[in-house]
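S.K.:
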Ligand code: FAD
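Shown next, in the form of structure tokens:
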């Protein structure tokens, strides 16, 4: 099996899927159902997000380990610095390694809560994602990915600074980047080109097929990813009709995916919300072959 960075350099676009750790048994069953359906299109990798609380972190480790153990999929484990000392982080990385997980998406994370608060590192922890890249690198044979922000990270002074940060992450040992969900292909292409001028770091766009307008608005606020006026207009026009929202959401994702792949994006990283139907519709409409 090709490593994630090697796969992202192949001419054939790579598809990957993002999940979050389920909160209860019913949610866990829904997740595995989605994993099994999506496994059929042979993604390059699947990733599992990492929350702020201890129990949700344990679930991430468990789900990622189970993917490594019971499926044909290559797992990518997210890891953040939130509320964890360096010793804690070393332990989590040790657990990943022990369960055969060798790909880590190294993130800073955000302070827990529904409103964006100021970042304060753990007193014995790490300040920036690049520090986590360096830490994990030093702990063994891991392949590291990092986050990128086409619409500029909410705490960043601007695009140039974001590009500098990505260069620092690459120099610390990151071998690929995945972006925050994209709703404006031009922002993605601008960031991708600026990074490409300085480092050989594949940057894969995040794509979320909209299935609920309210949920998308909430995520857009929380993540600092603005919804472009054309996207808002198309969703507003159908907002009281859930089936129509879904259809428009899938159409928007297909258009974005088409444009970014035509411009040479290495692949598409689908934010699945632990569901498979909308993602598979976009995948099939794009004519992506397993
Ligand atoms: P950093 O790279 O540390 O950047 C954070 C801020 O600090 C930025 O403004 C940056 O410009 C600035 N900065 C970085 N380095 C320096 C430096 N050396 N000097 C000065 N300023 C600097 N969050 C979760 O909690 N769990 C997840 O599983 C998760 N998965 C994600 C997956 C993807 C693909 C993406 C795009 C984001 C994800 N996030 C997740 C959210 C992420 O943790 C937040 O967006 C966080 O605010 C930034 O993380 P980062 O890794 O980019 O941090």
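In UniProt numbering, the protein residues as written are 14 to 303.
Don't be surprised by glycine CBs; every beta carbon is placed ideally from N, CA and C.
Rounded to whole angstroms, how far is the Cβ of residue 244 from the Cβ of residue 251, which I believe are closer than 8 Å?
M.R.: No, residue 244 and residue 251 are not in contact; Cβ-Cβ is about 12 Å, not under 8 Å.
S.K.: May I ask you to list the residues that DSSP assigns as paired with residue 280?
M.R.: Per DSSP, the beta-bridge partners of residue 280 are 27.
S.K.: Say whether chain D places a C-beta atom closer than 8 Å to the C-beta of residue 108.
M.R.: Here there is only one protein chain, and chain D is not present.
S.K.: Let's see if you can read the secondary structure: which residues bound the beta strand (DSSP E) around residue 108?
M.R.: It is not in any beta strand (DSSP E) - residue 108 instead sits in the alpha helix (DSSP H) that spans 99-111.
S.K.: Residue 17: beta carbon under 7 Å from a heavy atom of the ligand FAD?
M.R.: Residue 17: no, Cβ never under 7 Å from the ligand FAD.
S.K.: Buried or exposed for residue 105, please, with buried defined as at least 16 other CB atoms from any protein chain shown within 10 angstroms of its CB.
M.R.: buried
S.K.: Comparing C-alpha positions only, which one of 110, 202, 147, 118 sits nearest to residue 172?
M.R.: 202
S.K.: Pick helix, strand or coil for residue 260, following the three-state DSSP scheme.
M.R.: helix
S.K.: Measuring straight from C-alpha to C-alpha, what distance separates residue 223 and residue 49?
M.R.: 21 Å
S.K.: Any idea if residue 199 is buried or exposed, counting beta-carbon neighbours within 10 angstroms, 16 or more meaning buried?
M.R.: exposed
S.K.: Does the separation of the CB atoms of residue 136 and residue 130 fall below 8 Å?
M.R.: no
S.K.: For residue 60, report the span of its beta strand (DSSP E) as first-last.
M.R.: 58-61
S.K.: If I follow the unbroken alpha helix (DSSP H) through residue 51, where does it start and stop?
M.R.: 38-52
S.K.: Which class does residue 255 belong to by DSSP, given the choice of helix, strand or coil?
M.R.: Helix at residue 255.
S.K.: For residue 303, I'd like the list of residues in its chain whose CB is within less than 6 Å of its CB, leaving aside the five on either flank, ordered along the chain.
M.R.: 54, 55
S.K.: Please state whether DSSP places residue 161 in a helix, a strand or coil.
M.R.: strand
S.K.: For residue 91, which of 115, 294, 85, 98 has the nearest alpha-carbon?
M.R.: 115
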